[in-house]
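Residues 518 to 1410 in the numbering used here are what the sequence shown lists, from first letter to last.
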Amino acid sequence: MSIRNLDKILNPKRVAVIGASNKPGGVGHTVLRNLISGGFSGVVYPVNPRSESVQGVQAYPDVASLPNQADLAVICTPAPTVPGLVEQCGKAGIRGIAILSAGFRETGKEGMKLEQQIIKTAGKYDGMRIVGPNSLGVIVPRIGLNASFAASMPRPGRLAFISQSGALCTSVLDWAEQQNVGFSYFVSIGNMLDVSFAHLIDYAAETGNTKAVMLYIESIPEARLFTSAARAYARTMPLVAYKAGRFAESAAAASSHTGALAGEDDVYDAAFQRAGVERVYDVDDLFDCAGLLSQNRLPGGGRLAIVTNAGGPGVMATDALISLGGTLAELSKKTIRQLNECLPAAWSHGNPVDVLGDAPPDRYAEAAGIVLADEGVDAVLAILTPQAMTDPTGTAVAMVELAKKSNKLILAAWMGGVSMAEGLRLMNRDGLVAYPSPDNAVRAFMHLVSYANNLRILQETPMEVPLDFELDRKQRIASSREIIKAAPPVLASSEAKELLEVYGIPTARAVEAGTAAAAVKAAKKCGYPVVLKVLSPQITHKTDVGGVELNVHDEAQVRAAFRRIKRDARKHCPDAEILGVTVEPMISLNNGHELIVGVKQDPTFGSVIVVGTGGTAAEVIRDRVLGLPPINERLARRMLRSLRTWPLLEGYRGRPGVDVDKLVEILIRFSYLVADHPEIGEFDINPLLALPDGAVALDARAMVKKVRRAREGSYPHLAIRPYPEQYVSAAKTSDGRELTIRPIKPEDELMWLDMLRRCSDESIHMRFFSLISDFTHEMAVRYCVCDYDRELALVAEAEHEGERLLVGIGRLVADPVHHTAEFAVIVPDAWQERGIGRTLTDACLRVAKDWGVSEVTATTLRENTRMIGIFRHRGFKIGHDPEDETVIASKKL
């Protein structure tokens, strides 16, 4: 289910209140009162079998008795009655339901049973949508809809708030009233029996009247739907989230280094960052950040200048900025000179700019304007304290006027009480975000910088890193599945390394030895010195049990080491099965760095990759970063650069750096391994020794589980769908030229831009319905960076005069659940009349059928006769829009 029928809940014409009451204080009484008094322009039907009228409005005994079919039914009756009422609504044709009643899964098994009954009942009625249960309700100020039991109706605005907590909703409404903040939608989703965060994010994007979305999250039931919706929305509008329950303990103890390093809350961090969601850690920050993000004015960078009328608050703001990793802007000589001309001689002569306590509004605003014009300044924080000669309101008015003329961000902190209140109110009313303290302002600014960085991640075009696997993908997967199938639930080092080698990750191969004599033989074959490690499926952390002996130089030392390892392992783990040891060459750690690369399966987001400082102290140092697969070149580099030890990997104080390109390649190869095998519950490469001339996995261990094989290409264990290789195919033009039909990649940006520049104005007009003179990076990102869960561009690639070219693109954009899809195609002029458009159309139709799409539609211009001919030949129904010059083609699949 996507956003289908959400209009019934968020834009209804008729609302039925089931359980409407004359008794003050009850939910049914409050909801009806709010609907009547909130200015709702539609019709409200109280439903109460025991009253002829409720609050002066004619009542009806049940929904079947309503004079007209309601769009939305708001259920306010006790939990046991709800399943039956949902059935009545379904029979009456009501497809939008908000269940405000509590007493469901939050109360235990009986409540869970009630929810299951509701789900079963709703499934009988096509298109029924449910918000709740255990919901505060739904508010849409734009249409005067207050279908909630909240105490107040917020003003209309462009900010959406979606919360799992009804109690927090009331706090947000109080804050909004104080700050004059308005909302486009205000939804308490409760237990999310049907409508979830993902659906409402998609709805906000579709309706276009929301500039930013605030989320209060306790849990995410469908990670892939959420991630897909968030990534799509965050590319153009801000998403800010507060995640409650940060320190909830994992359900099971970590059984590997990776499990210990990748806690639940860290996974949410990684997922939010990958999806472009800005996370806050304090409810106050949620409000502050959302108010700032809703301005949709992103700074070009993180360089902040501070203008203040008192030195102390300027120092406070600087401390807050630096502690959060921010940058104090360095003012140019030109700016200093201009400030010298407009300020008294005693001003601070640097950033923060102290304009002194006697500054009138015009002096303050003039100084702020000069600072704002500095090319080295990305944003200005204006701080004002109440002093004897301060005019807080006049200065606020002057700053509002300055903000209107500038394309840079201005934040304000008006410190104090009653005397500052009017200035705060004026600034917030007129679009200049103001805070009661510098700390609040600085934190909000840093969230804005973080959001801008996340947005750049979403819009980055990776470089292409060709991975030349010796085996093709099907062979690679088949080979690795045989290893997993034959292995026990815990893969020993040799088996785990064998898996890594299938994916082209270098390893120090170990030889297993069950006796001391076998260990000696293996050591001679490897060449001294060697390393001996305990061989036991039950022992994860070998060093902890005395299970590792380094720098073993001769036969006598091998035999002694073998005895010691078995003795110590038995002492520390008496129940473990000690199979012997593994023997491998001793690799020098000189100029090398020990890293850990691993994966664990999170119960919410599926497989999560971790990279960080490795070795025996990995859990102590905790220098690691998490990422959701699939990982490309840019993401891999960003993960490595996020490590505190990154300067050591680059090279530090004469010590050479490591082969970063090889590390990037290994992370990408490991990502392939993770994506191909949902059986992998946990996997450690620890240590992965990074060297100046390569990298090698010295030790590895994996845990696998039995899973039911999903349809190829579905990747149920990943929150983000990887590149769909199954749609790569070969084709030919009508004149015999070889083509590769494949899904587009972010790396195709330059070829995409080149193809469009080779198209005539007529071809561009046919595809985009307008003439576009300049194709920008931002536009390329929109078309080349696909969320393969909901959209797919198939490119036709050909080789021409030794150069790879894109010679056509067919684009398929589906709704989030693949019910319907829109299709479009473009072929550059020099490659037209060669059957490429037909080939791409057929390929896109095959993908749509594979997705389970019911109907494909396409819109083109009437003069595009070639495309219309292709549609007719493939059984599309052709319709003409009488309002314009377009043709709408549709095909049922």
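Idealized CB from N, CA, C, for every residue including glycine.
Residues in the same chain with beta-carbon distance under 6 Å from residue i, minus the five sequence neighbours each way, listed in chain order, please.
i	result
residue 612	522, 525, 644, 645
residue 957	805
residue 1343	1284, 1326
residue 536	545, 593, 594
residue 1406	1375, 1388, 1393, 1395
Rounding to the nearest angstrom, what Cα-Cα distance links residue i and residue j in this structure?
i	j	result
residue 1230	residue 1242	8 Å
residue 1113	residue 1047	21 Å
residue 1277	residue 1289	11 Å
residue 1403	residue 1286	9 Å
residue 1256	residue 1250	7 Å
residue 752	residue 856	39 Å
residue 572	residue 529	21 Å
residue 1144	residue 1184	11 Å
residue 792	residue 1298	15 Å
residue 690	residue 1216	55 Å
residue 698	residue 801	14 Å
residue 834	residue 747	32 Å
residue 742	residue 1392	32 Å
residue 1312	residue 1329	11 Å
residue 815	residue 582	53 Å
residue 1305	residue 870	49 Å
residue 755	residue 947	20 Å
residue 1192	residue 1309	19 Å
residue 782	residue 972	21 Å
Within a Cβ cutoff of 7 Å, which residues of the same chain sit near residue i, ignoring the five residues on either side of it in sequence?
i	result
residue 578	566
residue 1076	1033, 1037
residue 1011	1027, 1029, 1099
residue 1194	997, 1001
residue 1123	740, 1234, 1235, 1236
How far does the alpha helix (DSSP H) with residue i in it reach, from first residue to last?
i	result
residue 936	935-946
residue 603	599-608
residue 1220	Careful: residue 1220 lies outside any alpha helix (DSSP H), inside the beta strand (DSSP E) at 1217-1221.
residue 1274	1266-1274
residue 759	Premise fails: residue 759 lies in the beta strand (DSSP E), 756-760, not in any alpha helix (DSSP H).
residue 857	850-859
residue 816	Where residue 816 is concerned, there is no enclosing alpha helix (DSSP H), given that its DSSP letter is neither H nor E.
Residue i lies in the beta strand (DSSP E); which residues open and close that run?
i	result
residue 564	560-564
residue 717	Counting along the chain, residue 717 falls outside any beta strand (DSSP E), though it belongs to the alpha helix (DSSP H) covering 714-724.
residue 1198	1197-1208
residue 1410	Careful: residue 1410 lies outside any beta strand (DSSP E) and carries neither H nor E.
residue 1183	Taken as a continuous stretch (DSSP letters only), residue 1183 belongs to no beta strand (DSSP E), being part of the alpha helix (DSSP H) at 1177-1193.
residue 702	700-705
residue 665	662-665
residue 678	673-680
residue 729	729-734
residue 1101	1097-1102
residue 931	926-931
residue 977	Unbroken run through residue 977: none, as it is neither H nor E.
residue 1119	1110-1119
residue 1213	1211-1214
residue 1050	1047-1052
Taking Cβ positions only, does residue i come closer than 7 Å to chain C?
i	result
residue 583	The structure shown has no chain C; it contains just one protein chain.
Give me, in chain order, the residues of the same chain whose beta-carbon lies closer than 8 Å to that of residue i; leave out the 5 immediate sequence neighbours on both sides.
i	result
residue 786	796, 1143
residue 1247	1255, 1256, 1257, 1258
Assuming residue i and residue j form a contact by the criterion Cβ under 8 Å, report the distance between their Cβ atoms to the nearest whole angstrom.
i	j	result
residue 1093	residue 1055	4 Å
residue 943	residue 914	6 Å
residue 929	residue 916	6 Å
residue 789	residue 660	Rounded, the Cβ-Cβ distance is 31 Å, inconsistent with contact.
residue 719	residue 519	6 Å
residue 532	residue 664	6 Å
residue 1014	residue 1214	6 Å
Indicate whether the contact test is met: 3 or more Cβ pairs, each with one atom in the region 581-593 and one in the region 612-621, closer than 8 Å. yes
contact_flag[the region 1102-1118, the region 1075-1085] where n(CB pairs < 8 Å) is 3 or more: no
Evaluate contact between the region 1111-1126 and the region 1057-1065, counting only Cβ atoms and requiring at least three cross-stretch pairs below 8 Å. no
Are at least three pairs of beta-carbons, each pair with one atom in the region 597-608 and one in the region 538-550, less than 8 Å apart? no
How about the region 961-968 and the region 899-910: do they share at least three Cβ pairs that are nearer than 8 Å? no
How do the region 705-720 and the region 673-680 stand: do at least 3 beta-carbon pairs fall below 8 Å, yes or no? yes
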